[in-house]
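Going by the UniProt record's numbering, 832 is the number at position 832 of the sequence shown; the sequence numbering is gapless.
For every residue, glycine included, the Cβ atom is placed at its ideal position computed from N, Cα and C.
In what follows, a structure is listed as structure tokens, so that the remarks can point back to it.
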Amino acid sequence: MESLDYLNKLSKFSLSDFNIMHLNINSVNNKCFEVQQILKHSNFDILFFSETRLNSNKPVKQLKNCNYKEILYYRPNNSNKTSNEIGGGLLLYIKNGIKIVKQKVSSNLFEYIFIQIDVKNQLINFIISYKAPNMNNNEYLEQLDNLIFSLDPNIPLFVVGDLNIDSLNDLESNYNEFLNSNSLINFITTPTRIKTKFYKDSKEFRTKCSNLDVILHNGDLIKETMTIDCPFSDHFFTTAKLHINSFKKEPKEIYGRNLSAKNINLIVDEIAKINFFCIAQIESVDQSWLAFKTKIQTIIDRYSPIQKITLKDNDLFPWFDDELLYIKHCRDTAYKSYVLDKLNGLKYGLFYYWKNQFTKQYESKMINYFKMKTMTDFKNSKKFWEFYSSHIKIKSDKSNKPNSPAELFFKDQKANSIEEISEMFNLFFTSIKSDSKIEYEDCELFCDNFFDKLISDGSIKPNKFKFEPTNEAEICELISSLSDSSGPGFDGIPTKILKLISPFISKFLCTIFNRAIAEGKIPNDFKVAVVTPLFKNKGTLDDINNYRGISVLSPLSKVFEKIIYKQIYNYFDINKLMNDNQHGFRNSRSCETALHTIISQMFKTLSQRLIALFIFIDFKKAFDTVDSRILIIKLRKYGFDPGAIKLIVNYFLNRQQKVKFESYTSSFANIKFGVPQGSVLGPLLFLIFINDIVSYLINFEVKLFADDTTLSLKGNNLTELLEKFNSSIMHLTKCRNFNRIDINWSKTKIMFISKKRNIILPSSILIDKTNVEVVDSFKLLGVTIDNKLNFLKHVYDIRKTINSRLHAIIDLFQLSFPVKLQFFKTFILPHFDYSITITAYFPKKTIQKIADAYYLCLYKLFNINPTIINNNDFNYFNSNLEKLNINCFVHRLVIRFSNFIYSILNNPNAPIELKEGLKFNHELERPYSLRNNNKLTIPSKGKYNEYGEKTFSYFFSKFINGVILNEIKHSPNTFNARIRNNVNYRYLDFINCFSNFDLNFKKFDF
1 MESLDYLNKL SKFSLSDFNI MHLNINSVNN KCFEVQQILK HSNFDILFFS
51 ETRLNSNKPV KQLKNCNYKE ILYYRPNNSN KTSNEIGGGL LLYIKNGIKI
101 VKQKVSSNLF EYIFIQIDVK NQLINFIISY KAPNMNNNEY LEQLDNLIFS
151 LDPNIPLFVV GDLNIDSLND LESNYNEFLN SNSLINFITT PTRIKTKFYK
201 DSKEFRTKCS NLDVILHNGD LIKETMTIDC PFSDHFFTTA KLHINSFKKE
251 PKEIYGRNLS AKNINLIVDE IAKINFFCIA QIESVDQSWL AFKTKIQTII
301 DRYSPIQKIT LKDNDLFPWF DDELLYIKHC RDTAYKSYVL DKLNGLKYGL
351 FYYWKNQFTK QYESKMINYF KMKTMTDFKN SKKFWEFYSS HIKIKSDKSN
401 KPNSPAELFF KDQKANSIEE ISEMFNLFFT SIKSDSKIEY EDCELFCDNF
451 FDKLISDGSI KPNKFKFEPT NEAEICELIS SLSDSSGPGF DGIPTKILKL
501 ISPFISKFLC TIFNRAIAEG KIPNDFKVAV VTPLFKNKGT LDDINNYRGI
551 SVLSPLSKVF EKIIYKQIYN YFDINKLMND NQHGFRNSRS CETALHTIIS
601 QMFKTLSQRL IALFIFIDFK KAFDTVDSRI LIIKLRKYGF DPGAIKLIVN
651 YFLNRQQKVK FESYTSSFAN IKFGVPQGSV LGPLLFLIFI NDIVSYLINF
701 EVKLFADDTT LSLKGNNLTE LLEKFNSSIM HLTKCRNFNR IDINWSKTKI
751 MFISKKRNII LPSSILIDKT NVEVVDSFKL LGVTIDNKLN FLKHVYDIRK
801 TINSRLHAII DLFQLSFPVK LQFFKTFILP HFDYSITITA YFPKKTIQKI
851 ADAYYLCLYK LFNINPTIIN NNDFNYFNSN LEKLNINCFV HRLVIRFSNF
901 IYSILNNPNA PIELKEGLKF NHELERPYSL RNNNKLTIPS KGKYNEYGEK
951 TFSYFFSKFI NGVILNEIKH SPNTFNARIR NNVNYRYLDF INCFSNFDLN
1001 FKKFDF
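What follows is the structure, encoded as structure tokens:
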């Protein structure tokens, strides 16, 4: 190719809003003319060159260009080799006028240049990197991964360079894992290097195509890419055009009340004068409630009417005082004058002056505002999010993206006004029902026969249940527990007001609630939901299937439901009617306990050298499709008396909703199916509805967290397992048909767990006329489980979430240390702590990654970056952390492991499966010495492999014996204090028992 040809192509490609280019040029000192020609004739905004072989001894004056500012990386000299033998070296050109916000050049053998630039008020991160061919791929990717993790994930990222990992031929699994974990895509899909070599033995030329040069990106800014042949390098030019638009946020309007302290006092004083005794005596429960509601609403509307409020972004910031508002007004006025007469230099000068004054004062006032803040100012989560959502934008924040459709489609209908869209949402949410074609009479017969069988064989032993009346003390306690932030619901009475007037209305409410229980008649207002459509952030805005409804019920209806809930829950709990495999919405059970049972079962499969199939069921609109008639049949079988049945029947009778969309509220629509969304009682009723599924699926191991259902089977070989599965899954399809609940087979996934060799797994399995996909990983209850059980994908997901919040807090650089500490504890630590005890099953590499993330947070927020060489360093480090009331990562693990297993041992409601995995020697009636009698029996880890060590019973029995055996006899408060006070000693015992947790401390330099 002629030089003019490639320059012409580069010139044409670079004619766009914003563009980048990369080339591996092999010894830039011999290609100065070519580099100068590229800089002269092309119009790229950023140019990257790798393998320049530049070093500090070689001048680069001849590579300068007046249109660009360059950042250089000098490759360190090697005393045993010449610079040309060393290779490597990076060179970066940035066009003049582009604002560089941050930059960093590598100081070690991991070659990279990092820059952050500002384009159209949008920050973009770039990493240019080169990997030497002799550098280990995994080591390089690990360092690149750590560098990416140190960056703000809310800012678009590009990784550009020659990575010397051939994605076309090598199919390096770690490389693909690295891309997936960091949400990166290589937009260069064609070969970037074509090399021809003559082989003497065969006397032939062989050509190899490879893709070594990459443009990796984690967003949607790339409009077009191209590779262009280069006449002076065996690598191609890789180029990309970027499409960068800034989004203009429109002002929002909301409706609310002015509940100032003065107004609230006036409202409370007025309500205190009402004679509620007369209202309580009205004959009908509904009429009595209506009279009560009308009086309360009238008083609230008198002193605090609903009014429209326009939100103007910056004007709401707490440091916006009168002085700043005045300067802003002057700036805006001067700008308008300048726009009308752009030729008048004086008007521009006036605008420029006020613009600079505003910027200077704004920054000064914001910093001073935060200097005055302390930890207590943001201890309340609501206060933090009020501030956070208006000041800091993260990738998941939908407030800076349009989420209201201009038009909406449902079936063959179209809506394009707010009134039509609101009514269409209402129709959609209330039309959800099961696809089952089974008649109700057949469903009734099926349930009757199945429950009669369960009762006759003793699987369930129902008693007699009836609702008991409540009292004023219980009502006051429940009202005080309501969240101030919960919506007022249909009756329009704010929760804040209810809590203040509870002493004056508790007697009335007690009368109304007890009448409702005795008569089996609930006030109709308690059954009305106000629904707000929420975009799922998936798919298009005009597809109604991409929305879900958020229901808000009256706060007092929640109080009434809590009274009913408590009685039903206690009845099921005392009579052991709820299946032990259900972990959702139950005391002493959680996602964490459910995950332990499932993951431990997976490792047991590996220990036994078997193959297991796990199917993760996705019930379609599970809560919304519950048929209340079938639920009533089951409640009768569980022992509910006629009075209790009458109340539950009435609970579902005449339920209504209306949809609130922007400024319009739809008409009422009847809800025919489903347990009420947003209700207190709904989740418990769903658990009861689905409770018998475990008894029906006798061939499967069944684990549930509400509607999240995991079924599993084990077998010696794949053929045997699939035959067993195909016959067993028919019970599930029959059960779901007769219960009138639907399964979304397209979202249901299957995963195999095995270490057997030479198994060809199917890509899908046919179930109920649908091919269900077989996957390598699945996100279950917030934890990504992969079929290798290395949990790396899960840790990458955690790190992304943590990094978003970490950099959001870092951006608030002016926050005082105590406030940043509180932010860390409230909004970052919970992500580390979520189901943290499942790290018992993680390999050391995965644990190290999450520990590194933990320490990076300490470094970024508090500049804590210790050098740990010996025990004294470690103890000094921990003593400093304890002053902040936080721990090092493994200390935190020891405390959480201890509290979790103590709860399993001592709580009678803990899952039986987990409790039975922990057996003391004296319980087994075996001939043990007295010394070992009070220790737990550590089960065999298996003859053939070590997977048995990664089971719940093995790990935690060993943990108790080796770490906390002398502490478990203490009371909960004493136990917790002893563990925390002696965590240094417990830590040493812990790492002696489990070497996986003896982790390294990384020194951060970025």
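Mind checking who residue i pairs with in its DSSP beta bridge?
i	result
F465	F640
P533	G549
L713	L613
D162	Y130, D213
H243	Beta-bridge pairing links H243 to no other residue.
F409	K414, D543
Y664	F661
Q677	The partner list for Q677 (beta bridge, DSSP) is empty, contrary to what the question assumes.
L498	For L498, which the question treats as bridged, DSSP gives no partner whatsoever.
Q656	V528, N670
I115	Q103, F126
Measuring CA to CA, which of the options is closest to residue i?
i	options	result
S557	N545, N587, P523	P523
L534	D543, F526, I479	D543
A261	P156, V159, K496, E949	K496
I802	V819, L781, K620, T826	T826
E323	A291, Q357, P305	Q357
V214	K195, F640, I128	I128
K672	N878, E204, I432	I432
Y638	F689, S364, Q677, V649	F689
F738	G161, C447, L151, I299	C447
I512	N875, N933, I501, I475	I475
N909	N587, L965, N154, L23	N587
Please state the DSSP three-state secondary structure of residue i.
i	result
T52	coil
M21	strand
K703	strand
S11	helix
I753	strand
R193	strand
F920	strand
K95	strand
E439	coil
R302	helix
H235	strand
L988	helix
Which value, in whole angstroms, describes the spacing of the CA atoms of residue i and residue j?
i	j	result
D166	N137	11 Å
S754	P762	14 Å
H922	T951	22 Å
I633	T189	60 Å
G643	S607	53 Å
E139	H596	32 Å
S304	N368	34 Å
Y565	F652	15 Å
K793	S483	36 Å
Give me, in chain order, the residues of the same chain whose beta-carbon lies closer than 8 Å to that of residue i; leave out the 5 immediate sequence neighbours on both sides.
i	result
Q297	D491, G492, I493
L15	N43
V649	G520, S628, I632
Who are the Cβ neighbours of residue i in its own chain at under 6 Å, not counting the five residues just before and after it?
i	result
F725	L613, L713
G219	P156
N699	S728
I759	L718
residue 1009	Outside the shown range of the chain, which is 1 to 1006, sits residue 1009, and nothing can be said about it.
T532	I550, K660
Quick one: what's got a C-beta closer than 7 Å to residue i's C-beta in the same chain, skipping five residues either side?
i	result
Y571	F465
F18	D45, V119, L242, I244
K958	I938, C993
R629	Y440
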